[in-house]
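Here the structure is laid out as structure tokens; the discussion comes afterwards.
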Amino acid sequence: MKAVLFAATALLLGAPVAAQMPVAVPAQAPAEPDAIQLYPEMKAPKVSTENWVRFGPDLAVRNVTVPTLTPVLPDPAKATGAAVIVAPGGAFMLLSMEHEGWSVARWLADHGIAAFVLKYRLNQTPADTDEAAAYMGKRMADSLRDPTAPPSISEPRATLDALAALKLVRANAGKWGVDAGRVGMIGFSAGAMTTLNAALEGKGGDRPAYIGYVYGPMLARDVPADAPPMFAAIANDDSLFPNPSYALVEAWRRAHAPVELHAYERGNHGFGKGLPGTTTMGLLPQFLSWMEMRGLLAAKASQ
824 MKAVLFAATA
834 LLLGAPVAAQ
844 MPVAVPAQAP
854 AEPDAIQLYP
864 EMKAPKVSTE
874 NWVRFGPDLA
884 VRNVTVPTLT
894 PVLPDPAKAT
904 GAAVIVAPGG
914 AFMLLSMEHE
924 GWSVARWLAD
934 HGIAAFVLKY
944 RLNQTPADTD
954 EAAAYMGKRM
964 ADSLRDPTAP
974 PSISEPRATL
984 DALAALKLVR
994 ANAGKWGVDA
1004 GRVGMIGFSA
1014 GAMTTLNAAL
1024 EGKGGDRPAY
1034 IGYVYGPMLA
1044 RDVPADAPPM
1054 FAAIANDDSL
1064 FPNPSYALVE
1074 AWRRAHAPVE
1084 LHAYERGNHG
1094 FGKGLPGTTT
1104 MGLLPQFLSW
1114 MEMRGLLAAK
1124 ASQ
């Protein structure tokens, strides 16, 4: 069980289990001058509930109760008009803000895509860093005992926050120089699950126009024929989700909805933009190529 707790804690924090796990230390909350509160009517607590931690070089946050969206915009000279909301992972108990959020958004912006990092609401964890690590590791291990079933940890508010973020970006499309018809999402692990839920639970134009589903569970879901196009990616040695099949991709295919799968030989879970020395380094370039193939990077008259 100790090994399972170690692996689960490392993986939910965005650290491939094959790597040496850095020591998590409390960190000061970073300045987030561009963060936009998703629900202006929501009264923020006088004292923030958030607990930030530095996990090696990467910042992560727990106990988010006031969700925000942070724009990371491209140089107008190379802006494509496409927009992607980025949803970091962390087992719905933590958000890997740098590893699966800000760094991904900067890469997208550098390639002409307006990116928006979603800091969504989470399950509560102990404020103390060491207590939280033990609590999260145990809860993760308990939630993954049956690999044929979805993880038992969920957070419905995260889906609501994703849908609110999509609405906010579309409402401000002109301000941010994006095409309201080309607003998609990419999510990692729990962020992938949030992205998928937004695609399947959102109604009509409220859902993302396309999605990137990165190392989320590959379990079957009911998929409507008008489901948005999906780019899916996972490593075949993923120790958090040891997938016996690609049932989610097959569900997309049976619905005759567009889908592309990248199943990397190595990379484990939590590889983010890519684990050096593996073909997962191609993740974001391949996502960009997929967007280009689908015509999502071409200027449209609607802009």
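The sequence shown begins at 824 in this note's numbering and counts up by one.
By construction, the Cβ of each residue, glycine as well, lies at the ideal position given by its N, Cα and C atoms.
If you draw a straight line from the Cα of Ala1015 to the Cα of Met1008, it comes to about 9 Å.
Minimum Cα-Cα distance from Ala902 among the listed residues Ala996, Glu954, Thr948, Pro868 corresponds to Ala996. For the region 984 to 1035, the continuous alpha helix (DSSP H) assignments of 4+ residues that do not extend past its boundaries occur at 996 to 999, 1013 to 1024, in sequence order. Pairing Trp930 with Val940 gives a Cβ-Cβ distance that is not under 7 Å.
In this structure, Asp857 sits near Pro894, with a CB-CB distance shorter than 7 Å.
Under the three-state reduction of DSSP, Lys942 is assigned to strand. Residue pairing by DSSP places Val876 opposite Pro849, Ala883 in a beta bridge. Between the region 963 to 971 and the region 1062 to 1073 there are three or more inter-stretch CB-CB distances shorter than 8 Å, so the stretches are counted as touching.
Thr948 and His922 have their alpha carbons spaced roughly 20 Å apart. Contiguous beta strand (DSSP E) elements confined to the region 894 to 965 occur at 906 to 910, 937 to 942, taking only those with 3 or more residues. Residue state for Thr888 is assigned as coil, using DSSP reduced to three classes.
Residues Ile936, Arg1005, Leu1119, Leu1120 of the same chain have their beta carbon placed closer than 6 Å to that of Ala905, with the five preceding and five following residues left out of the count. Residue nearest to Ala928 within the set Leu892, Met916, Ala955 is Leu892 (criterion: CA-CA distance). Sorting Leu1019, Ala1074, Val992, Thr1103 by C-alpha distance to the C-alpha of Leu896 places Val992 at the top. Counting only runs of 4 or more residues that sit fully inside the region 1026 to 1107, the alpha helix (DSSP H) segments are 1070 to 1077, in chain order.
Counting C-beta pairs with one atom in each stretch, the region 969 to 982 and the region 865 to 882 have fewer than three that are closer than 8 Å, which means they do not touch. Contact between the region 880 to 891 and the region 913 to 922 is present: 3 or more CB-CB pairs across the two stretches fall below 8 Å. Between the alpha carbons of Ala1086 and Ala1056 lies a gap of roughly 6 Å. Nearest Cα to Gly1035 within the set Arg1089, Ala1048, Trp1113: Trp1113.
Around the beta carbon of Arg944, 16 or more other beta carbons sit within 10 angstroms, so the residue counts as buried. Nearest neighbour of Ala1048 by Cα position, chosen from Met1041, His1079, Gly1025, turns out to be His1079. Taking Pro973 as the centre and dropping the five residues before and after it, the same chain places the C-beta of Pro1040, Leu1042 closer than 7 Å to its C-beta, in chain order. Taking Phe1110 as the centre and dropping the five residues before and after it, the same chain places the C-beta of Gly1035, Phe1054 closer than 6 Å to its C-beta, in chain order. Within the same chain, Cβ atoms closer than 8 Å to the Cβ of Trp999 are found at Pro894, Leu896, Ala906, Ala937, Val992, the five residues on either side in sequence being excluded.
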